[in-house]
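Here my numbering runs 9 ahead of the position in the sequence shown, where the first position is 1.
Ideal Cβ placement from N, Cα and C applies to all residues, glycine included.
Owing to the predicted nature of the structure, the values given are computational and were not obtained by experimental measurement.
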Amino acid sequence: MPKTTSSSKPSNQNTTGFSCYFLISYLLMLFIVAQTIPWQTIFANGVAATSFMALTFLCYCVLYGLPASLITWLVFKISNFANRSATRLYPAYITAVLAGGTTTLLLYANTKIFSLYGTYINGFVINLVMTPGGIESLGGSNASNIGFVLIAIGFIALQALILWISINWQKKSFPSIIKKRYAISMFIVLLIGVHMTYAANEAISKSALTSQATSIPFFQTVSARHLFERLGFEIKRSDNIELKGHLNYPLIPLNIKTPSKPYNIIWLTSESWRADMLDKEIMPATWQFAVQANRYTKNYSGGNGTRMGVFTMFMGLPGNYWFSFINEQRGAAFIDVLQQEHYQMNLYTSAMFSYPEFEKTIFSKVPAEQLHSLQENGKFGWENDRVNVSSMLDFIDKRDPSKPFFSFIFFESPHARYHFPPESVIRRPYRDDINYATLSKEELRADIVPIKNRYINAVHHLDSQFDRVFTYLKDKNLLDSTIVILVGDHGEEFMEHGYWGHNSTFVDQQIRTPLVLWVPGQQQGKVVDSMTSHMDIVPTLMPLLGVTNSISDYSIGHNLLKDTSRNYTYVSDWDHITYIDKDIKITQPINIGSYAGNKVSDGNDEPLSEDAKNTLLKTKQPAMLQILQDLSHFLDKGKVKN
Numbered sequence: 010m011p012k013t014t015s016s017s018k019p020s021n022q023n024t025t026g027f028s029c030y031f032l033i034s035y036l037l038m039l040f041i042v043a044q045t046i047p048w049q050t051i052f053a054n055g056v057a058a059t060s061f062m063a064l065t066f067l068c069y070c071v072l073y074g075l076p077a078s079l080i081t082w083l084v085f086k087i088s089n090f091a092n093r094s095a096t097r098l099y100p101a102y103i104t105a106v107l108a109g110g111t112t113t114l115l116l117y118a119n120t121k122i123f124s125l126y127g128t129y130i131n132g133f134v135i136n137l138v139m140t141p142g143g144i145e146s147l148g149g150s151n152a153s154n155i156g157f158v159l160i161a162i163g164f165i166a167l168q169a170l171i172l173w174i175s176i177n178w179q180k181k182s183f184p185s186i187i188k189k190r191y192a193i194s195m196f197i198v199l200l201i202g203v204h205m206t207y208a209a210n211e212a213i214s215k216s217a218l219t220s221q222a223t224s225i226p227f228f229q230t231v232s233a234r235h236l237f238e239r240l241g242f243e244i245k246r247s248d249n250i251e252l253k254g255h256l257n258y259p260l261i262p263l264n265i266k267t268p269s270k271p272y273n274i275i276w277l278t279s280e281s282w283r284a285d286m287l288d289k290e291i292m293p294a295t296w297q298f299a300v301q302a303n304r305y306t307k308n309y310s311g312g313n314g315t316r317m318g319v320f321t322m323f324m325g326l327p328g329n330y331w332f333s334f335i336n337e338q339r340g341a342a343f344i345d346v347l348q349q350e351h352y353q354m355n356l357y358t359s360a361m362f363s364y365p366e367f368e369k370t371i372f373s374k375v376p377a378e379q380l381h382s383l384q385e386n387g388k389f390g391w392e393n394d395r396v397n398v399s400s401m402l403d404f405i406d407k408r409d410p411s412k413p414f415f416s417f418i419f420f421e422s423p424h425a426r427y428h429f430p431p432e433s434v435i436r437r438p439y440r441d442d443i444n445y446a447t448l449s450k451e452e453l454r455a456d457i458v459p460i461k462n463r464y465i466n467a468v469h470h471l472d473s474q475f476d477r478v479f480t481y482l483k484d485k486n487l488l489d490s491t492i493v494i495l496v497g498d499h500g501e502e503f504m505e506h507g508y509w510g511h512n513s514t515f516v517d518q519q520i521r522t523p524l525v526l527w528v529p530g531q532q533q534g535k536v537v538d539s540m541t542s543h544m545d546i547v548p549t550l551m552p553l554l555g556v557t558n559s560i561s562d563y564s565i566g567h568n569l570l571k572d573t574s575r576n577y578t579y580v581s582d583w584d585h586i587t588y589i590d591k592d593i594k595i596t597q598p599i600n601i602g603s604y605a606g607n608k609v610s611d612g613n614d615e616p617l618s619e620d621a622k623n624t625l626l627k628t629k630q631p632a633m634l635q636i637l638q639d640l641s642h643f644l645d646k647g648k649v650k651n
């Protein structure tokens with residue numbers, strides 16, 4: 010610890026030392042945060058936009074460090090009041106190092122997340138950290154965990170070094186560069202000016218400045234639309250969609266005419282199973298089964314992550330309804346029907362039903378003894394997949410044959426870090442492992458082929474587990490009475506558009522999945538090349554269960570066995586919804602207080618010129634109105650604002 014004096018009052022040198030410490034920490038924060046900001050794009054937008062972004066950047070880095078500064082100042086004051094000894098500054102020193110280290114570590118983590126996944130720490134990331142099973146769902150290794158710990162220690166050590174340097178500088182009696190009162194006043198004026206500029210721009214002009222502001226981590230958007238409207242300005246339409254209202258789901262009670270011979274249902278969903286992996290080389294057994302069943306080659310998940318992907322397939326609704334369902338802990342109408350029809354049920358996952366919170370949404374009415382999760386046993390996903398298949402087949406063996414059964418398995422074999430047994434290797438070279446702590450975008454680009462080969466080997470193992478189910482159903486003569494669904498929760502990108510994994514963008518590689526449907530007694534062997542969606546699965550199954558209601562009473566999907574003329578679909582993440590048709594993808598913010606504007610590409614994920622974008626958007630106005638209707642369809646007295 011730096012040496013202290015025994016004077017009765019804190020000296021100017023002490024306060025100068027802390028000021029120097031936080032000034033250097035501020036420069037460090039500037040360096041870290043600057044890596045997330047698209048400076049070249051900003052410079053191209055002219056002097057005004059560049060000046061605004063520079064001031065916003067400088068002000069927000071002050072805000073990032075403000076909590077640590079205030080906590081340290083408070084401890085400093087308390088220590089000097091309560092303790093007159095030579096060690097009175099030690100608590101303030103420790104607080105400064107820990108608070109400063111935590112701040113810079115979080116900013117570094119935010120930069121790392123942005124670099125790899127194109128998003129900042131947000132509600133989704135916080136939910137992942139705070140929800141049981143969230144961290145485990147990442148599939149990190151011991152090496153990754155050790156790396157994270159070492160990085161954290163490194164930041165604390167760096168802050169301790171900065172403090173030591175600062176305290177030693179104070180002994181040389183360096184003069185204060187700027188009077189504190191002037192610095193504080195200037196900061197407040199600039200911060201107010203930045204947000205007033207943003208509010209005016211958002212309401213009136215909607216220039217690039219508005220969207221660029223949100224590239225500043227944790228930028229707080231503000232709106233003064235009503236004020237400017239009262240002042241006589243013409244207000245631009247907001248691109249943000251706000252959802253309000255309680256669930257009204259289903260719209261009316263479901264009527265069921267029980268079939269004379271109810272179908273059994275086996276629903277197999279795999280993590281990160283992207284569309285092009287259903288291949289006769291990579292998945293020979295699954296390919297052979299798909300050829301005999303109905304195969305949908307242009308299927309879109311309802312999300313770019315597990316939460317929205319699984320939610321949409323069981324609900325038949327856009328993923329943005331998730332928040333209403335979890336708030337009210339409402340389950341799926343599909344599950345209600347199965348229970349009403351006395352289906353024997355057992356559901357299995359190699360992850361956890363607590364993250365995402367499916368036990369509080371889709372499966373909220375399923376008894377706990379029928380929900381089986383294995384992620385916490387310390388085994389790899391492929392090992393748990395084998396256990397779950399064995400458990401499901403055992404359940405079917407021991408069932409009451411006089412009653413129908415439903416079983417669901419969520420497979421983890423293709424989840425990053427893509428583990429597999431030696432006998433599943435079909436692609437070389439493959440990377441030995443993936444260390445999240447040291448991973449960088451440059452490393453990903455250089456090593457993406459061996460990483461993807463790991464994924465392909467893991468998918469090949471998934472095929473072997475699907476094959477166990479197919480073989481069992483054939484051997485037990487159950488295919489004549491059992492519906493089989495094969496689907497991925499979402500896709501997986503391998504830097505085709507600059508990112509790895511999922512949950513970051515809405516490019517096809519992240520949102521397209523295989524969809525295979527086997528229905529006894531129906532025409533089989535069809536290959537459907539038109540657009541389909543996860544939201545179409547439940548509307549296909551419900552009539553087969555005897556539900557006589559109109560599909561619109563419980564879903565916005567289509568019946569795959571009757572209607573494959575879908576012209577558009579929706580894909581969601583935590584706070585966006587993307588409208589997709591053959592021409593365009595339009596991503597809009599949902600309930601996030603953002604007026605930053607939508608993101609637009611063509612249907613093949615290629616950027617559009619400004620003229621082409623505006624021309625296409627004009628032709629899609631009816632589609633934008635349809636989004637508002639679909640997102641409010643199951644909200645009682647719902648209000649959707651745009």
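Expected contact under 8 Å - CB spacing of residue i and residue j to nearest Å
i: Leu64; j: Val198; result: Between Val198 and Leu64 the Cβ distance is about 11 Å, and since that is not below 8 Å, they are no contact.
i: Phe479; j: Phe298; result: 5 Å
i: Ser400; j: Tyr357; result: 6 Å
i: Tyr309; j: Ile520; result: 6 Å
i: Leu570; j: Gln531; result: 6 Å
i: Lys591; j: Gly612; result: 5 Å
i: Glu501; j: Gly510; result: 6 Å
Close-in-space but distant-in-sequence residues of the same chain around residue i (CB under 6 Å, 5 per side omitted)
i: Gly602; result: Residue confidence for Gly602 is low, a pLDDT of 49 falling below 50, so the modelled location carries little weight and cannot support an answer.
i: Gly647; result: Reliability of the predicted coordinates at Gly647 is poor, the pLDDT of 44 falling under 50, and the value obtained from them is presented with this limitation in mind. Taken in chain order, the residues that qualify are Gly254 and Ser641.
i: Ser88; result: Arg97, Pro100 and Ala101
i: Trp178; result: Cys29
i: Ile130; result: Asn119
Boundaries of the alpha helix (DSSP H) in which residue i is found, first to last residue
i: Trp391; result: Gly390 to Asp406
i: Phe415; result: Not the alpha helix (DSSP H): Phe415 falls in the beta strand (DSSP E), residues Phe414 to Phe420.
i: Arg454; result: Lys450 to Asp484
i: Gly318; result: Thr315 to Met324
i: Ser194; result: Lys189 to Ala209
i: Trp331; result: Trp331 to Glu337
i: Trp48; result: Trp48 to Ala53
Distance CB(residue i)-CB(residue j) smaller than 9 Å
i: Ile593; j: Leu626; result: yes
i: Gly312; j: Thr321; result: yes
i: Ile460; j: Ile443; result: yes
i: Asn264; j: Thr557; result: yes
i: Asp498; j: Gly314; result: yes
i: Ile165; j: Leu107; result: yes
i: Ile274; j: Ile492; result: yes
i: Asn512; j: Asp614; result: no
Segment limits, beta strand (DSSP E) that includes residue i
i: Pro598; result: Ile593 to Pro598
i: Val300; result: Val300 -> not in any beta strand (DSSP E); alpha helix (DSSP H) instead, spanning Pro293 to Gln301.
i: Ser618; result: Run containing Ser618: none; DSSP gives neither H nor E here.
i: Ile275; result: Asn273 to Ser279
i: Ile494; result: Thr491 to Gly497
i: Val580; result: Tyr577 to Ser581
i: Asp590; result: His585 to Asp590
Beta-bridge partners of residue i, as assigned by DSSP
i: Arg304; result: Val525 and Val536
i: Ser382; result: Thr358
i: Lys608; result: Thr596
i: Gln229; result: DSSP output for Gln229 lists no bridge partner at all.
i: His255; result: Asp645
i: Tyr309; result: Arg521 and Ser542
i: Tyr117; result: Its beta-bridge partners do not exist; DSSP assigns none.
i: Gln349; result: In DSSP, Gln349 forms no bridge with anything.
i: Tyr364; result: Met361
i: Ile265; result: Val556
8 Å CB neighbourhood of residue i in its chain, flanking five on each side removed
i: Ile291; result: Ile435, Ile465, Val468, His469 and Asp472
i: Phe475; result: Leu277, Met292, Ala294, Thr295, Phe298 and Leu495
i: Lys535; result: Asn303 and Arg304
CB contact below 9 Å: residue i versus chain B
i: Phe123; result: The chain inventory of the structure shown lacks chain B, comprising one protein chain alone.
7 Å Cβ shell around residue i - same chain, five flanking residues per side excluded
i: Gly109; result: Ser34, Ala77 and Gln168
i: Lys485; result: none
i: Thr104; result: Ile80, Thr81 and Val84
i: Arg437; result: Asn462
i: Ser16; result: Bear in mind that the predicted position of Ser16 carries a pLDDT of just 45, short of 50, making it unreliable; the figure below should be weighed with that in mind. So the list is empty, once near-sequence residues are dropped.
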